[in-house]
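Be aware that the sequence shown starts at 5, since it is given in my numbering, and climbs by one per residue. From the three backbone atoms N, C-alpha and C, an ideal C-beta is built for every residue, glycine too. Here the structure is a predicted model, which means the values were calculated and not measured.
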Amino acid sequence: MNEKKNRIIIEPGKTEKNYWLDIWRFRELLFILSWRDIKVRYRQTKLGIAWAILRPMLTMGILLLVFNRFVGLNTTNGQPYAIFVFAAQLPWMFFATALSDASNSIIANERLITKVYFPRIIIPLSSVATSLVDFLISMLLLFGLLAYYGVEPTWRLLLLPVFFLLVLLAAMGAGLFVAALNVQYRDFRYIVPFIVQFGLYLSPVGYSISRVPEAWRPLFGLNPIVGIIDGFRWAITGESVILFQLPFWISLGVIGCFLFLGVYQFRKMERSFADLI
């Protein structure tokens, strides 16, 4: 009886109906692929998982040097500038890593796609899930910084999971969209790293959005990560300029559009992946 319950039957015309149910049925595959990617990420590296610590710390050091020392920027509420920057790094680095990994995930799993049936959406989702490990390590570093500078967290930190859910949805939407297009147009393997590198400076990671002229803030809000960064800063440091104002809601709208377009484009092209790869 148990074998019959766990058996997956593929019937003509039932693909769309069973697709989302199949994702749950193949949840173990999602965990397996995520664990495989975690082990592969730091394989044959001298420092191994230590790179998950060094990477955010080195990035923070560079931003501190550029924006704080050279440009002279600082916070508006007296919080240490290192925490101000690190709070913004958390969502940005998760989004950037998840987008980069998800964009190449379908091509990297060519043999799996051409030989075995399963919902292909599991592959980019596993890449996004892999980035969660680095995010959790960065969260531990954040608490270390808070303790070092003597900053006491407030009740707003309890709302941090809400803003993390937003960056997770943003990464999933953008990752699915680019992963699907990358199968047919391999140019995206060169475009995505450029977007990630350039996007760091278009996002208020090393500076406050208060530095952006008010007339330009709605346009600035078209960057989906802007509202999320402001939410993280509000929850961690108490600093907020646009939270729950127009640019924030614009960012939320863009996240919703990305998620819809990502799922739509991925499902549209999914049937042709095996042929295009």
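Just to confirm the assignment, what range does the alpha helix (DSSP H) spanning residue i have?
{"i": "Phe139", "result": "126 to 153"}
{"i": "Ile111", "result": "109 to 112"}
{"i": "Val187", "result": "164 to 188"}
{"i": "Val230", "result": "228 to 240"}
{"i": "Phe122", "result": "Unbroken run through Phe122: none, as it is neither H nor E."}
{"i": "Leu280", "result": "277 to 280"}
{"i": "Pro222", "result": "221 to 224"}
Helix, strand or coil: which one does DSSP assign to residue i?
{"i": "Phe30", "result": "coil"}
{"i": "Gly257", "result": "helix"}
{"i": "Tyr194", "result": "helix"}
{"i": "Ile14", "result": "Note that Ile14 scores a pLDDT of 47, beneath 50, so its modelled location is shaky; the value from the coordinates is reported in the next line. Three-state result, Ile14: coil."}
{"i": "Val209", "result": "coil"}
{"i": "Gly82", "result": "coil"}
{"i": "Glu156", "result": "coil"}
{"i": "Val267", "result": "helix"}
{"i": "Val200", "result": "helix"}
{"i": "Val216", "result": "coil"}
{"i": "Gln93", "result": "helix"}
{"i": "Glu274", "result": "helix"}
CB-CB under 7 angstroms to residue i, same chain, minus the five flanking residues each way: which ones, in chain order?
{"i": "Leu263", "result": "Leu173, Met176, Gly177"}
{"i": "Gly17", "result": "Bear in mind that a pLDDT of 42 at Gly17, under 50, signals an unreliable position, so the number given afterwards is only what the model happens to contain. Answer for Gly17: no residue qualifies."}
{"i": "Asn22", "result": "none"}
{"i": "Val200", "result": "Ala100, Leu103, Ser104"}
Once the 5 residues before and after residue i are set aside, which same chain residues still bring their CB inside 6 angstroms of it?
{"i": "Trp24", "result": "none"}
{"i": "Ala91", "result": "Phe236, Arg237, Ile240, Thr241"}
{"i": "Pro84", "result": "Tyr153"}
{"i": "Ala183", "result": "Ala106, Ser107, Ser109, Ile110, Pro128"}
{"i": "Arg160", "result": "Ala239"}
Taking 7 angstroms as the cut-off, is the C-beta of residue i nearer than that to any heavy atom in the ligand NAP?
{"i": "Arg59", "result": "Although the ligand NAP was asked about, the structure shown includes no ligands whatsoever."}
Report all residues from its chain with a CB closer than 8 angstroms to the CB of residue i; omit the five preceding and five following residues, and keep chain order.
{"i": "Leu145", "result": "Ile57, Pro60, Met61, Phe90"}
{"i": "Pro222", "result": "Leu250, Pro251, Ile254"}
{"i": "Pro197", "result": "Ser104"}
**Report entry** alpha helix (DSSP H) runs wholly inside the segment 36 to 75, at least 4 long, in chain order
**Finding:** 55 to 67
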